[in-house]
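Here is the structure we will look at, set down as structure tokens.
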Amino acid sequence: MEEYCKWEGIAILDVINTAKKAKYATEMTALINHLVKMQKVISAFDESVSYTKYGHQSYASDWTGETRSAYDSLVDELNMIENNVYDIHKELISEIKKEIANLAQKVKELE
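Its first residue numbered 2, the sequence shown is counted upward by one per residue in my numbering.
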């Protein structure tokens with residue numbers, strides 16, 4: 002049986018495990034790249050939220066009546082969207098980190 006598991010002195014199982022490790026490492030790298038991109042996206046989102054809040058503080062304080070009601074309604078909706086974006090971002094980051102940990106565990110099991 003030993004001769005069927007070797008090819009030119011290289012254990013086939015070692016080759017398979019090395020290929021699996023490389024695959025997992027590639028997947029981990031891709032996920033880490035996604036984390037970096039997501040951080041850039043959320044930073045850009047943070048910046049636009051800051052601009053919106055600055056505009057709100059600078060210009061909207063004197064508005065009254067129907068204009069103010071419509072504006073307040075829009076601000077409430079934007080605040081809900083903002084919270085949803087942050088919640089989804091946290092969830093995605095958490096899931097990606099879990100998957101990276103799972104892949105790292107698979108690599109460790111192959112060693």
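Think of the CB as a built atom: it goes at the ideal place given N, C-alpha and C, for glycine as much as any other residue.
- Collapsed DSSP secondary structure at ALA12 in the structure displayed: Counting from 1 along the sequence shown, the entry for residue 12 is found at position 11. Correct three-state label for ALA12: strand.
- Message: On the CB-based measure, 16 or more other CB atoms within 10 Å of its CB, does TYR25 come out buried or exposed?
- Response: Taking the first residue of the sequence shown as 1, we reach residue 25 at position 24. Of the other Cβ atoms in all chains shown, 16 or more fall within 10 Å of the Cβ of TYR25; this residue is therefore buried.
- Query: Straight-line CA distance for VAL108 to ASN85?
  - Reply: If you number the sequence shown from 1, residue 108 lands on position 107. If you number the sequence shown from 1, residue 85 lands on position 84. Distance between the alpha carbons of VAL108 and ASN85: 35 Å.
- Query: Ends of the alpha helix (DSSP H) at GLU110?
  - Reply: Your numbering for residue 110 matches position 109 in the sequence shown. In the DSSP annotation of this structure, the continuous segment of the alpha helix (DSSP H) that includes GLU110 starts and ends at 66 to 111.
- Rounded to whole angstroms, what's the CA-CA distance from VAL50 to ILE97? Just pull it up for me. To locate residue 50, count along the sequence shown from 1; it is residue 49. To locate residue 97, count along the sequence shown from 1; it is residue 96. Answer to the nearest angstrom: the Cα atoms are 25 Å apart.
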